[in-house]
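Numbering (my numbering), first residue to last: 3 to 198. For each residue, glycine too, the CB sits at the ideal point set by N, CA and C. Have a look at the structure below before the remarks.
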Amino acid sequence: MQMGFKKGRIVEAVVTTYNEDAAPNAAPVGIYGIDEKTLVLKVHKESDTCANILRTKGCVINIVYDPLMFLRSALTARGEPEIRQADVEKAEKVDAPFLRDSNAYIEARVLGYRNYLKRDRYGESEVYVFKCGVLKIVILKAYPVGLNRGVAAAIELAIKLSRGDKKGLDEHIRIMRRTLSASEYREIASFLEQCR
Ligand SMILES: Cc1cc2nc3c(=O)[nH]c(=O)nc-3n(C[C@H](O)[C@H](O)[C@H](O)COP(=O)(O)O)c2cc1C
C-alpha cells in the first residue's frame, strides 16, 4: 500500500463520510497501517465521522497535503459543513465521498470494531476502534510531495485547537508564515480569523 503506511506509524489523513442527510463530511483522523490490506482508525464517539462510519460501515481515507484542509475539517463545528458537494464525488465501493483534490484516496470497509473509554489529560472520552479492509486505492496526483514545515505546523495547530488548547500557538503560526506560500498563508490566516 505504501503512501507512508508502515506498521507502528500513524498517517494523518482526512476521512470523508456522508452525514445522515447526505451532506459530505470531512475530519482529520490518524490512520494505523496494519498490513497491505488492513487499516485501523480510532474515532471519538462524539464526532460525526464516528456516527457515519457506524451507519454506513465504510469511509474514504484521503491522502492530502493541504494545510487549510486539515484546519478546516478539524475546526468546523459539528453539524456545520466543512466541505461542499462540489469538493467531493461518490466513491465506488463504499457509501462515502472522496475529496476531488486529494493526492490519493483509499476506499475502506469496516471489518469489525470495538469501543473503550479513553482517559488522558483532556479528560474521558469514548473511542471506537474500527478495523477496516482496503477495497480500492486511487492515485489522483502522480508525483510525490516533498516535506513542508508549514503543513506540519498547520497539523499541530489543528490538533491543539480541536482540543481547545490555546498554548504556544504563535510558534505554529510563525512557521506557517515563513514556510508556506503567501497565498496559502493568507487563506489560513483568514480562516483562523473567522474561527475566533
Ligand atoms: C491531525 C489531526 C488528527 C486527528 N486525529 C483524530 C483521530 O484519530 N480520531 C479522532 O476521533 N479525532 C481526531 N482528530 C480530531 C477530529 O478531526 C475533530 O474532532 C473533528 O472536528 C471531527 O469532525 P466530525 O465531527 O465532522 O467528524 C484529529 C484532528 C487533527 C487535526
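(message) Could you check whether the Cβ of Thr-40 sits closer than 8 Å to any heavy atom belonging to ligand 1?
(response) no
(request) For Gly-170, verify whether its CB is less than 8 Å away from any heavy atom of ligand 1. (result) no
(message) Let me make sure I understand the geometry here. Which of Asp-97, Asp-103 and Glu-128 has the alpha-carbon closest to that of Arg-86?
(response) The option with the nearest alpha carbon to Arg-86 is Asp-103.
(request) Please name the residue or residues paired with Ser-127 in a DSSP beta bridge. (result) Lys-120
(message) Just list the residues that DSSP pairs Asp-37 with in beta bridges.
(response) Thr-40
(message) Is it buried or exposed, Thr-50, if we count other Cβ atoms within 10 angstroms and call 16 or more buried?
(response) Correcting the residue identity first, residue 50 is Asp in this sequence and not Thr. Answer is buried; the Cβ neighbour count reaches 16.
(request) Could you tell me whether the Cβ atoms of Leu-137 and Arg-121 are closer together than 9 Å? (result) Cβ distance not < 9 Å, so Leu-137 and Arg-121 don't count as in contact.
(message) Using a strict less-than 6 Å threshold between each residue's beta carbon and the heavy atoms of ligand 1, what residues do you get?
(response) Glu-14, Asn-27, Ala-29, Pro-30, Val-31, Gly-32, Lys-44, Val-45, His-46, Ser-49, Asp-50, Thr-51, Phe-72, Ala-76, Arg-80, Ile-157, Ala-160, Ile-161 and Ser-164
(message) Distance check for Glu-109 and Lys-133, CA to CA, integer angstroms please.
(response) Lys-133 and Glu-109: Cα-Cα distance of roughly 13 Å.
(request) Confirm, please, whether the CB-CB distance from Glu-186 to Pro-69 is below 9 Å. (result) Cβ atoms of Pro-69 and Glu-186: closer than 9 Å.
(request) Alpha carbon to alpha carbon, how far is Phe-72 from Asn-21? Give it in angstroms, no decimals. (result) 19 Å
(message) By the three-class DSSP mapping on this structure, what secondary structure does Pro-83 have?
(response) coil
(request) Count the CB pairs spanning the region 7 to 14 and the region 26 to 40 that are closer than 8 Å, and state whether there are at least three. (result) yes
(request) Identify every residue that forms a DSSP beta bridge with Phe-7. (result) Answer is none; Phe-7 lacks a bridge partner.
(request) Determine the DSSP secondary structure at Arg-231, reduced to helix, strand or coil. (result) An answer regarding residue 231 cannot be provided, because it is not within the stretch 3 to 198 covered by the chain.
(message) Do Cys-52 and Val-45 have their beta-carbon atoms positioned less than 9 Å apart in this structure?
(response) For the 9 Å CB-CB criterion, Val-45 and Cys-52 form a contact.
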